[in-house]
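Here the sequence shown stands for residues 1 to 338, where the numbers follow full-length UniProt numbering. Here the structure comes first, spelled out in structure tokens, and everything after it is commentary.
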Amino acid sequence: MDQYCILGRIGEGAHGIVFKAKHVEPRVGWHCLPSILQTGEIVALKKVALRRLEDGIPNQALREIKALQEMEDNQYVVQLKAVFPHGAGFVLAFEFMLSNLAEVVRHAQRPLAQAQVKSYLQMLLKGVAFCHANNIVHRDLKPANLLISASGQLKIADFGLARVFSPDGSRLYTHQVATRAVGCIMGELLNGSPLFPGENDIEQLCCVLRILGTPSPQVWPELVELPDYNKISFKEQAPVPLEEVLPDASPQALDLLGQFLLYPPRRRIAASKALLHQYFFTAPLPADPSELPIPQRPGGPAPKAHPGPPHIHDFHVNRPLEESLLNPELIWPFIPEG
1 MDQYCILGRI GEGAHGIVFK AKHVEPRVGW HCLPSILQTG EIVALKKVAL RRLEDGIPNQ
61 ALREIKALQE MEDNQYVVQL KAVFPHGAGF VLAFEFMLSN LAEVVRHAQR PLAQAQVKSY
121 LQMLLKGVAF CHANNIVHRD LKPANLLISA SGQLKIADFG LARVFSPDGS RLYTHQVATR
181 AVGCIMGELL NGSPLFPGEN DIEQLCCVLR ILGTPSPQVW PELVELPDYN KISFKEQAPV
241 PLEEVLPDAS PQALDLLGQF LLYPPRRRIA ASKALLHQYF FTAPLPADPS ELPIPQRPGG
301 PAPKAHPGPP HIHDFHVNRP LEESLLNPEL IWPFIPEG
């Protein structure tokens, strides 16, 4: 990596270490993507090591490269600038982004203003709609994978779990499955913390059922086709009205959120259609990126949690799991040890 000057370490993922670096000379040698780097440009380098040469390149890295190759440059998707070999591995060079949406929410002294929430959500939906137009499903949308530039621009990153889908296919996993993740992110932005704060799969499911209620085949016919359907018994639970969960949210916000969180994937609103929802065209309008919070660098101290407004009927997403919908005796076999 002689053509780069390493400026610091950004973080570490499942398949590599990420560094901040400056490009100091033109790329020379083999690379699987044409390099579009300019001398002096600041980039993020993801170094992927091959544990055993016979195993080849990790699938997640291949998926990320392939997904980004499938899509043209877009202002709402992080740009992969070059890929080149290095030692017993290879390096992916991305445009450098200052932070991510998880850090923005984490460092917020109070819930984000509605105009700011609309701006972040609008940029996210534009990126998701672009991916879906290119038949790419991200499959790992979360605030930590939504990078933020120093100018406030949001871009989708980390395509390691991405898949190509057929728009005419009949599989249960369609692009509308991904819009549920958008709803979870929207709920977190409105609430200041996750709506479904489970620490494992079972807790996560309990948190979802606690708010959205217990689904039935009458409401969601495809439910019986899911691989693990009927393996765990849950108490019947009616849904909690979203206006009780998020009492400060506008009616337009709650309407859009509800369309994201519908159980049947085929009934969920698509990203392209969501961009036309009245939520984005009623005051306050989405803030300009220049009006968004300046992101903090990852790893800084977190402020004290904002208590937020009281919830109607004392409902709160962080209610102890002792009051959960799942029979306690059914939990222990599914909790991993350690």
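We put the beta carbon where it would ideally sit given N, CA and C, even for glycine.
Sorted by chain position, which residues of the same chain lie with C-beta nearer than 6 Å to residue i's C-beta, five sequence neighbours on each side aside?
i: E41; result: H23
i: A274; result: L125
i: G198; result: Q204, C207
i: P111; result: G192
i: S272; result: A129
Within 10 angstroms of its Cβ, does residue i collect 16 or more other Cβ (buried), or is it exposed?
i: T294; result: According to the sequence displayed, residue 294 carries Ile and not Thr. Result: exposed.
i: K118; result: buried
i: F281; result: exposed
i: H306; result: In this prediction, H306 has a pLDDT of 38, which is less than 50 and means its spatial position is unreliable; what the coordinates show is noted afterwards. Flag for H306 reads exposed.
i: C32; result: Bear in mind that a pLDDT of 44 at C32, under 50, signals an unreliable position, so the model cannot answer this.
i: I65; result: buried
i: G87; result: exposed
i: L62; result: exposed
i: V128; result: buried
i: A302; result: Here the model assigns A302 a pLDDT of 44, short of 50, so the residue's position is not dependable and the matter cannot be decided.
i: E225; result: exposed
i: Y229; result: exposed
i: E236; result: exposed
i: R9; result: exposed
i: E323; result: Low per-residue confidence applies at E323: pLDDT is 39, beneath 50, and the placement is therefore not dependable, though the value from the model is reported in the following sentence. When all chains shown are included, E323 counts as exposed.
i: H316; result: With a pLDDT of 47 at H316, under the threshold of 50, the modelled position of that residue is not reliable, and no figure is offered here.
If I'm right that residue i touches residue j with Cβ under 8 Å, what's the distance once you round it to whole angstroms?
i: S136; j: A162; result: Note that residue 136 corresponds to Ile in the displayed sequence, not to Ser. So it is a contact: roughly 6 Å between Cβ atoms.
i: residue 340; j: V43; result: Summary: the structure shown does not reach residue 340, with the chain confined to residues 1 through 338, and so no result is reported for it.
i: T179; j: R268; result: 5 Å
i: L212; j: P239; result: 5 Å
i: F165; j: Y76; result: Contact doesn't hold; Cβ gap of about 19 Å is too wide.
i: M97; j: L147; result: 4 Å
i: V105; j: L189; result: 7 Å
Relative to the alpha-carbon of residue i, which residue among the options has its alpha-carbon at the smallest distance?
i: Q60; options: F159, L242, A271; result: F159
i: L50; options: N200, V91, K66, G11; result: V91
i: E103; options: A283, H86, S193; result: S193
i: A181; options: G11, A270, N230; result: A270
i: V83; options: G11, A93, Y76, G89; result: A93
i: S233; options: L209, D2, G16; result: L209
i: S99; options: A157, V128, G187; result: A157
i: L276; options: N145, M123, Q237, E236; result: M123
i: G11; options: P217, A144, P289; result: A144
i: E222; options: L189, N200, Y263, G187; result: Y263
i: V78; options: N134, S272, L154; result: L154
i: D288; options: Y279, G152, D255, A88; result: G152
i: S290; options: A67, G16, S149; result: S149
i: A283; options: A253, Q259, S272, L257; result: A253
i: V177; options: N200, F19, F196, D140; result: D140
i: Q69; options: P85, R9, R110, N134; result: N134
i: L195; options: H132, P215, L261, P217; result: L261
i: M1; options: N74, T39, P85; result: P85
i: L257; options: E95, D73, G187; result: G187
i: Y279; options: V18, D255, W220; result: D255
i: A67; options: K231, P111, H132, Q109; result: H132
i: I202; options: S216, P217, K231; result: K231
i: V18; options: H138, E95, A108; result: E95
By Cβ distance below 8 Å, which residues in the same chain neighbour residue i in space, the five residues on each side in sequence not counted?
i: L285; result: A115, K118
i: A113; result: P284, A287
i: V219; result: Y263, P264
Please return the same chain residues whose Cβ sits closer than 7 Å to the Cβ of residue i, not counting the five positions on each side in sequence.
i: I312; result: Caution applies to I312, whose pLDDT of 32 falls short of 50 and renders its modelled position unreliable; the model cannot decide the point.
i: A21; result: Y4, C5, I6, L7, V43, L45
i: G89; result: K47, V48, A49, L50
i: Q259; result: R268, I269
i: L101; result: Y120, P143, L146, I148, L154
i: A249; result: L190
i: D73; result: Q79
i: G292; result: Position check: residue 292 holds Leu in this sequence, whereas Gly was assumed. If we look at L292 and ignore the five residues flanking it on each side, its Cβ neighbours are Q116, S119, G152.
i: P215; result: L223, Y263
i: G183; result: L257, F260, L261
Is the CB of residue i under 8 Å away from at least one CB in chain C?
i: P111; result: Considering every chain present, this structure includes no chain C. It has just one protein chain.
* To do: Note down, one range per segment and in chain order, each alpha helix (DSSP H) of at least 4 residues found wholly within the stretch 101-161.
  => Taking only runs of at least 4 residues, the alpha helix (DSSP H) segments lying wholly in the stretch 101-161 are 101-107, 114-133.
* Asked: Taking only runs of the beta strand (DSSP E) that begin and end inside the stretch 209-276, which ones reach a length of at least 3 residues, in chain order?
  -> Within the stretch 209-276, no beta strand (DSSP E) run of at least 3 residues lies entirely inside it.
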